[in-house]
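> Handing you this structure, nothing more for now.
Protein chains in written order, with my numbering: chain W, 1 to 295; chain Z, 1001 to 1295; chain F, 2001 to 2295; chain E, 3001 to 3295.
Shown next as structure tokens:
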């Protein structure tokens, strides 16, 4: 078992830290919200006095933060955590941020002899609680191998995508593709229904044909076709439109930097922004189905 | 076993008719090309003297033709087959055509007491040969049940999508969605590769994550990631860009009639047309990957 | 002055026929609605007993009808007007229809020695009333020259676009481009306003810079920037979203036939359909601005 | 006449500085390239020893730099020019950069009592040489009024868009709209030509109809329709695809920050990136016409 510092215990980080506790690790947690910290402490974690405290005397430091700016501020600028870390501590940043933020931190860390991994997750709050997240990891192979057993305490799939930043890139490629096939699925269902088809029958046909995709398999956006998914619960729970827009923003930013043309991804971003601007920002992203509904 | 007339024995219809012969049916075939007819006759089919001859004294008449205009000409205008058919003959049109063409033929047939089904297929020439096609069928339930065992001699999946025209609608919804996730997959792979990822590793990650779709599972568009698919054979074989454009044209035509908004489908059509106009019309549709390649 | 038959005197055709009367022509009108006919008769036109009557003993026959099917039915199928026309009568069809409908009528007419022109208009109901329409004409040069002075009684600009069908093609190219720059203008204004700019100031800047276009010049979609345009009248009057969708449908149909890639045009169509499906079908097309408004 | 420091005398800044010299101002120039400095010195400017030297003892300091990072480095980080500027010197940054970069510099300057303006230009190298640029200015009204006569020595139109950053926002809104109508124009011309129209005739018709826009008026993308534009010179000269992509990148970045949906702008970016990736990065942006050409 390992000693682990954990910074950022919100909707995602909280249950992740709890799963580490359950797995028997010694976990020390920090968050700007004392309330969030308290929840994890009640599950058996220790309370760190500060971010620096959380990062001291631990074998592994995990961070789960909402933006690349905050990650850079933590490690490089405001808190300057890199100045306080022991070189034996492995840093695993699970935040979804721009690849260049991840690379900036990794390079600065390396200059100080500190090893880092970028390890964004997929699977949402439900996956965080159930311990079934997918980790998509960038960094050196040897560090990846050291991190893998710990990540498996929080997730089901752990992938090594490549070098520093590769975890971020792979995640945003995946989520861009998810956005594209979710909208495509919603369009196809609406087109079918507008022409007299039953959405459940059409879903079944496409699921067993070449239209098949994860949205149809596990996350049908048409209300009532599939029980226990957000579309059957008025699009509550799940993965918010606002968060999808954040990820699509990162994808397009990466595409701009690498001069990659992503017309479908760019259109998906515009449609999700349009949808979000109509009051759906906090609904599940499969609510994009309603963008196509006739009034 | 049944007596079956088969009109249109080209790339798709030829192997389909052969599979009916193999299953033990008595099959009589007609095509404007004597050469195509000869190929099927060599497998044991009888040669019909004309379309009308093929449609005479058979329990089932199957047609597999390239356009809605040709289907209407056969049944209603030029050949006026409906004037020659026995009301006990079940008509199964397997052509991919506009839903309204299918409905026009079905209505005219019903006035004469003739029962029809629209039963477009998915699965391509490979599926036609292997007998693993998917049939998506529109028409009355009782007729569907009568047709099902015969269609199973040519395919693996047989779906009843709904009433007349529903087979066509379901197929074009499926193919529109296929076009969308294929392009989305190609964009995601290019974005990943442009940012240093290995296309096989990224494919593997997305396949086991929420980006999963049929293109990634069975038809990876990046050359060399998957053996035995068109992308690993210089995009030869498979489903031609021109045919995808035909199906997308039908989808957009249906969307225009029902005033359905299909932004991703519309963009997919434009991108496949762009791709086709650069000399890729006869390549497999997964060659859209090359549209995004950097030169 | 000429003797003129006029078939179809609705929102557009009515004021057009009145302008011909005012110019001194002898005009005989027909419409399925007796009420519409009455309005024009009150301005000095004669009332025709039937479409055939309207087309008899006139130098010029003008038709202004809502769809290609209706135009074909009038000239070729139901009314078979071509069977009743004198070869000295010049036929000018001002309907906006698919180029292939126009060509079909023109070819059938030529076989009977009858000369036709396709002459769709641009300028809307306001232009029809004011006599400031633009006519975009397809057909032979000599026929065009004969028609021109008469068209000038109803419009300000009269263009010869090319051979039969060219009038229709040029009009749908123009309207596709109009749709594209109207949406582009709406997006740019919303982006500016979301970032603190004054829509009137931004409009003024873009109007004098490279963003300039007809929408900014004469039809600003942001309410209050320009008086006397639909956006300043709750988007009433003007050119309805439904009609823009009809024209965009014709454009995409033509693009499909000629295998032309029109990504921006296709997206414009999808966005106008989306907008129409939210209850804006009968509002002016500049109401697309509201699609981008934040709620 | 004023004493002016000028930093960045490349393709754009060089001729701009020369025009200030011609107007009678005392101009001191700096650039990392001695060669570029020499060209302007030959026209009568003085040579500054450093960026700090250029900014010392001048009434106005103008900078024209290629990226927001470089602008921030100059004023805030590396050179820290703000630490060396006299509060009586008016800073005018003519670079095209993200609005947030402009605002960051403006805020830091204000803390030191220094007044700044963001004043990006439109009009390209040709406009810089001819002194016909358009300046789109953000910042306080009083500063704008002080800058205006000097800017008029380099340009024809000078607009006050609003507060700090507004110049940048207005410029990227304009250029996004330009990108949209240029592509729309190219699509419409190709669609017309594919259907038998003459591109010059179609251009003429649309120019006098509701499709009219700056691209048709002054910059027709079809080779040979208009003399003396890049399309008639193999798309050389003009405004490079790479630079359009830079501006579209800034537009989409701004849209992401303000959660504005810009579907047409996003698609325009993707299409220009696609075009650039096929070897057209250094051609004029009207070469997007070739993206739609049939091969």
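Just so you know, even glycine gets a beta-carbon here, dropped at the ideal spot from N, CA and C.
Report the residue from 2266/F, 2292/F, 2230/F, 2185/F whose alpha carbon sits nearest the alpha carbon of residue 3259/E.
Among 2266/F, 2292/F, 2230/F, 2185/F, the Cα nearest to that of residue 3259/E belongs to 2292/F.
> Applying the 10 Å Cβ sphere with the 16-neighbour rule, what's the burial state of residue 77/W?
Label assigned to residue 77/W: exposed.
> Against chain F, with Cβ distances strictly below 8 Å, would residue 3212/E count as a contact?
Yes - at least one Cβ of chain F is within 8 Å of the one on residue 3212/E.
> Can you look up residue 1288/Z in the DSSP assignment and give me helix, strand or coil?
Correct three-state label for residue 1288/Z: helix.
> Does the structure place the stretch 1197 to 1211 of chain Z close enough to the stretch 162 to 178 of chain W that three or more beta carbon pairs sit under 8 Å?
As far as the Cβ criterion goes, the stretch 162 to 178 of chain W touches the stretch 1197 to 1211 of chain Z, which means the pair count is three or higher.
> Does the Cβ of residue 2063/F have 16 or more other Cβ atoms within 10 Å, making it buried, or fewer, making it exposed?
Buried, by the Cβ-count rule.
> Using the DSSP secondary-structure output, state which residues sit across from residue 3026/E in a beta bridge.
Per DSSP, 3003/E.
> Can you find a C-beta in chain F that's less than 8 Å from the C-beta of residue 954/Z?
The shown model of chain Z, from 1001 to 1295, leaves out residue 954/Z, and the question about it has no answer.
> Exposed or buried, which one is residue 1227/Z when buried takes at least 16 other CB atoms within 10 Å?
Exposed is the call here.
> Would you mind listing the alpha helix (DSSP H) stretches within the stretch 147 to 229 of chain W that are 4+ residues and don't spill past its ends, in chain order?
With a minimum length of 4 residues, the continuous alpha helix (DSSP H) runs that stay inside the stretch 147 to 229 of chain W are 166 to 194, 199 to 207, 214 to 218.
> Going by DSSP, name the residue or residues bridged to residue 2134/F.
Note: residue 2134/F sits in a beta bridge opposite 2122/F, 2157/F.
> Starting from the C-beta of residue 146/W, find all residues in its chain whose C-beta is less than 8 Å away, skip the five residues before and the five after it, and write them out in chain order.
Here the set comprises 90.
> Short check: CB of residue 2060/F to CB of residue 2040/F, under 8 Å?
Against a cut-off of 8 Å, the Cβ pair of residue 2040/F and residue 2060/F comes out as no contact.
> Just to make sure I have the definition right: I need the residues of chain F whose C-beta is within less than 8 Å of the C-beta of residue 279/W. Which are they?
The answer, in chain order, is 2295.
> Quick one: is residue 1011/Z buried, meaning 16 or more other Cβ sit within 10 Å of its Cβ, or exposed?
Exposed, because fewer than 16 other Cβ atoms sit within 10 Å of the Cβ of residue 1011/Z.
> Excluding the 5 residues preceding and the 5 following residue 141/W in the sequence, name in chain order all residues of the same chain whose CB lies nearer than 8 Å to its CB.
So the qualifying residues of the chain are 160.
> Please tell me whether residue 2047/F and residue 2029/F are closer than 8 Å, where the distance is taken between their beta carbons.
It is a contact, given that the beta carbons lie within the stated cut-off.
> With a cut-off of 8 Å, does the C-beta of residue 1290/Z fall near any C-beta of chain F?
Closer than 8 Å: no.
> Ignoring anything shorter than 3 residues, give me the beta strand (DSSP E) runs that lie fully in the stretch 26 to 94 of chain W, in order along the chain.
Within the stretch 26 to 94 of chain W, the complete beta strand (DSSP E) runs of at least 3 residues are 26 to 30, 60 to 63, 90 to 93.
> Within 10 Å of its beta-carbon, does residue 1213/Z have 16 or more other beta-carbons around it, so buried, or fewer, so exposed?
Under this definition residue 1213/Z is a buried residue.
> So, does the CB of residue 2260/F fall closer than 8 Å to a CB anywhere in chain Z?
Output row for residue 2260/F: interface = yes.
> State the DSSP-derived secondary structure class of residue 1262/Z, mapped to helix, strand or coil.
Residue state, collapsed to three classes: coil.
> According to DSSP, is residue 2256/F part of a helix, a strand, or is it coil?
In this structure, residue 2256/F counts as helix in the three-state DSSP scheme.
> Note down the Cα distance separating residue 1172/Z from residue 1148/Z, rounded to an integer number of angstroms.
Near 21 Å, if we compare the C-alpha coordinates of residue 1148/Z and residue 1172/Z.
> Can you look up residue 1116/Z in the DSSP assignment and give me helix, strand or coil?
Strand at residue 1116/Z.
> Residues in the same chain with beta-carbon distance under 8 Å from residue 3057/E, minus the five sequence neighbours each way, listed in chain order, please.
Result list for residue 3057/E: 3003, 3086, in chain order.
> Looking at the C-beta of residue 3266/E, does it have a partner C-beta in chain W at a distance below 8 Å?
Chain W, which has a Cβ nearer than 8 Å to the Cβ of residue 3266/E, makes this yes.
> Is residue 3141/E close to chain W? Criterion is C-beta to C-beta, closer than 8 Å.
Closer than 8 Å: no.
> Short of 7 Å in beta carbon distance, which residues of its chain neighbour residue 2099/F, apart from the five on each side in sequence? Order them along the chain.
The residues are 2165, 2168, 2169, 2254.
> Excluding the 5 residues flanking residue 3230/E on each side, which residues of the same chain have their C-beta closer than 7 Å to its C-beta?
Hits under 7 Å: 3236, 3237, 3238, 3284, 3286.
> To the nearest angstrom, how far is the alpha carbon of residue 219/W from that of residue 1204/Z?
Taking the straight line from one Cα to the other gives about 20 Å.
> Mark residue 1233/Z as exposed unless 16 or more other C-beta atoms lie within 10 angstroms of its C-beta, in which case mark it buried.
Exposed: under 16 other Cβ atoms inside 10 Å.
> Can you pull out the residues from the stretch 3049 to 3060 of chain E whose beta carbon lies closer than 8 Å to at least one beta carbon of chain F?
The stretch 3049 to 3060 of chain E vs chain F, Cβ under 8 Å: nothing.
> Going along chain F in order, which residues have a C-beta closer than 9 Å to the C-beta of residue 1072/Z?
Result: empty, since nearest Cβ-Cβ is about 15 Å, beyond 9 Å.
> Give the single residue among 1247/Z, 1256/Z, 1189/Z whose Cα lies nearest to the Cα of residue 1068/Z.
Ranking 1247/Z, 1256/Z, 1189/Z by Cα distance to residue 1068/Z puts 1247/Z first.
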